[in-house]
Structures are given as C-alpha cells and as structure tokens.
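This note's numbering numbers the first residue of the sequence shown as 4 and each following residue consecutively. Virtual Cβ for every residue (Gly too), placed ideally from N, Cα, C. What you are looking at is a predicted structure, and each value in this text was computed from that prediction instead of being measured. Following: one structure in structure tokens, then a few remarks.
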Amino acid sequence: MVDDHTYDGKIEIRLGPIAVSYRGRVTLQNIDADGHRLEIKAQGVESRGRGGASSTTTAELTPSDAGTSVVMSSDLQVSGVVAQFGRSGIMQEVAQRLTQRFGSCVEQQLKAAATAG
C-alpha cells in the first residue's frame, strides 16, 4: 500500500502455454461515493522486461434483487509476448477469471467487515 488510493503489487498469469509475471501499480481514481462509482487504473511491466500491460476499469455499484451488483467495464492494452493471445479468446477468459477472483475477494472482505461489526 503506497497510500489510501495507490497499491503496488505483483501478479502471475497463465495464458495458454505461457506464464507471465507483472510488477505494477493500481490507483483508484475519480471516486464518486454518492454515485457509487470509481475508476481503477493499473499499469505493469513484465518481470522479465519483455512487455507490459495497462488498463482502465470503471466500476459502479447498482441495486439488484440479490442485493448489490458491481458493473465493470475495462479497457486493457498489452504488449510483448502476451499480445499474440488477444485474438484467440484466451485473454477474455483470463480477464473473466481475474474479475471473478476479484469479486470473491471483495465479497470476503465485506463479509468479514460485517461480522466484525
């Protein structure tokens, strides 16, 4: 954690036959608490220095029958060896898995916070 809105980290991803590792920074921007909306900027460099990735994601909380839904829209740009997988559908599959994992982590954090009190 760099500050309340900025985080440095590392992520490892498998795309088909290759595995890549990125070091980068995620920043929460344009936070609209009243509108329940924020923008997430992420930038990373492949650990081996052969490529990079950046994304801008907008997340908005909306009421649903089950409680609250998070609607996310992302624009992802990649370079290096992983860029060749953008046309094959593998990138979409990995993005969906990462989004589901993110959602599960948020759900766990919210449940823990509600239990704590």
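C-alpha gap between residue i and residue j, whole angstroms
i           : j           : result
residue 1   : residue 23  : There is no way to answer for residue 1, as the model of the chain reaches only from 4 to 120.
residue 14  : residue 85  : 14 angstroms
residue 68  : residue 83  : 42 angstroms
residue 44  : residue 31  : 6 angstroms
residue 50  : residue 119 : 38 angstroms
residue 106 : residue 87  : 27 angstroms
residue 108 : residue 81  : 25 angstroms
residue 6   : residue 96  : 31 angstroms
residue 71  : residue 46  : 28 angstroms
residue 104 : residue 16  : 13 angstroms
residue 73  : residue 25  : 26 angstroms
residue 18  : residue 116 : 34 angstroms
residue 110 : residue 48  : 28 angstroms
residue 10  : residue 4   : 5 angstroms
residue 112 : residue 12  : 18 angstroms
Best match in the options for proximity to residue i [C-alpha to C-alpha]
i           : options          : result
residue 52  : 27, 5, 75 and 78 : 27
residue 102 : 59, 75 and 8     : 75
Close-in-space but distant-in-sequence residues of the same chain around residue i (CB under 8 angstroms, 5 per side omitted)
i          : result
residue 79 : 56, 57, 58, 94 and 98
residue 33 : 40, 41 and 42
residue 8  : 30, 31, 32 and 34
Contact set for residue i: own chain, Cβ-Cβ below 6 angstroms, skip 5 residues either direction
i           : result
residue 121 : Here the chain has residues from 4 to 120 only, and residue 121 is not among them.
residue 77  : 58 and 60
residue 100 : none
Cβ pair count under 8 angstroms reaching 3, the region 27-40 against the region 57-68: The count of Cβ pairs closer than 8 angstroms, one atom from the region 27-40 and one from the region 57-68, reaches three, so the stretches are in contact.
Completely contained beta strand (DSSP E) runs for the region 52-78, where each covers 3 or more residues: The region 52-78 is shown to contain whole beta strand (DSSP E) runs of 3 or more residues at 55-67, in chain order.
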